[in-house]
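In the numbering used here, the protein residues as written are 103 to 376.
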């Protein structure tokens, strides 16, 4: 990781941090980022016009992501956090930007690198695209090739959470179905391979077992970003740090549901086209 020069530091340290996701899910990452970095300002983009990304083509995901990256670059921002596992799995290598990028997969790799010896078996849940990409499987098997891994696509969870139905009985029924096979394998650790899933983390824990460690990329990402800012001398403290949110559709609904995801005040929500 390259350290920034003093000249670069003076240009970038006071800029906000950009965060984006297909919809509401990335707010779980933003929530942890704001908790870890209370004096930083943030610009969040939720692509609510195209959510969910989990069933979109790779070409569409790259197109949407590049448009959002271009928008964040235009603000500008000093760092972009890709708070979407689907984008992190499928599109990062094709995105063009001069702004440093951290994906939600990077901190998970760091976690496994530090803890791999104690992990006996792993379950992964995510969108269809994330599971098909096998990004987490490859990441883990690069560290421990024979570690048992059980992956399950959960395509209905993002739409359910985006509709604010996380506590509805239908969610419990669907979770029981999705987690049934993974539960039979007595995994020791479960990766939440989608930033929407922390909203239903307690439901997942209750269905599995309290002996199963659940890896939530939101908190890991916030810690990872803070370390990055410190190491690159771009950590910033300001008296009036703000959170500005942009969405591509349904701004009123987003504002209403965002309270379930974010424990910090949003200073502005604005709908724009990308």
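Ideal Cβ positions, reconstructed from N, Cα and C, are used throughout, including at glycine.
message: On the CB-based measure, 16 or more other CB atoms within 10 Å of its CB, does residue 297 come out buried or exposed?
response: buried
field: Coil, strand or helix - residue 169 by DSSP
entry: The three-state secondary structure of residue 169, taken from DSSP, is helix.
query: Do the region 323-343 and the region 252-265 meet, that is, are 3 or more Cβ pairs less than 8 Å apart?
result: no
query: For chain D, is any of its Cβ atoms less than 8 Å away from the one on residue 285?
result: Among the chains in the structure shown there is no chain D, since it carries only a single protein chain.
query: Taking DSSP as the reference, what is the three-state secondary structure of residue 138?
result: When secondary structure is reduced to three states using DSSP, residue 138 falls in the helix class.
- prompt: Relative to the ligand FMN, is the shortest distance from any of its heavy atoms to the C-beta of residue 370 smaller than 7 Å?
  reply: Questions concerning the ligand FMN fall outside what the structure shown contains, since it holds no ligand whatsoever.
- prompt: Over what stretch of residues does the alpha helix (DSSP H) that includes residue 214 continue unbroken?
  reply: 207-217
- prompt: Taking the runs of the beta strand (DSSP E) that are 3 residues or longer, which of them lie wholly in the region 315-346?
  reply: 315-318
Proximal residues to residue 127 (C-beta, below 6 Å), its chain only, five neighbours per side dropped: 297 and 298
- request: Evaluate residue 361 with the Cβ neighbour count: other Cβ atoms within 10 Å of its Cβ, from every protein chain shown; 16 or more gives buried, anything less gives exposed.
  value: exposed
field: Identified DSSP bridge partners for residue 240
entry: Residue pairing for residue 240: DSSP places it in no beta bridge.
- request: Leaving aside the five residues before and after residue 364 along the sequence, list all residues of the same chain whose C-beta is less than 6 Å from its C-beta, in chain order.
  value: Contacts found: 129 and 133.
- request: Pick helix, strand or coil for residue 282, following the three-state DSSP scheme.
  value: helix
field: residue 349 (DSSP reduced to helix, strand or coil)
entry: Reduced to three states, the DSSP call for residue 349 is strand.
message: How far does the beta strand (DSSP E) with residue 390 in it extend, from its first residue to its last?
response: Only positions 103 to 376 of the chain appear in the structure, and residue 390 is not among them; the question remains open.
- request: Quick one: give me the first and last residue of the alpha helix (DSSP H) that residue 372 is part of.
  value: It is not in any alpha helix (DSSP H) - residue 372 instead sits in the beta strand (DSSP E) that spans 370-373.
- request: Mark residue 187 as exposed unless 16 or more other C-beta atoms lie within 10 angstroms of its C-beta, in which case mark it buried.
  value: buried
message: Across the region 214-226 and the region 188-203, are there enough close Cβ pairs to call them in contact, namely three or more that are closer than 8 Å?
response: no
query: Considering only the beta carbon of each residue, do residue 174 and residue 182 sit closer than 8 Å?
result: yes
Cα-Cα separation, residue 210 to residue 179: 24 Å
task: Would you tell me roughly how many angstroms separate the C-alpha atoms of residue 184 and residue 157, rounded to the nearest one?
output: Here the alpha carbon of residue 184 sits roughly 18 Å from the alpha carbon of residue 157.
field: the region 301-318 contacting the region 112-124, beta-carbon criterion three pairs below 8 Å
entry: no
message: As a quick exercise: from 192, 150, 136 and 316, pick the residue whose alpha carbon is nearest that of residue 160.
response: 192
message: Give me the residue from 285, 228 and 358 with the minimum Cα distance to residue 300.
response: 228
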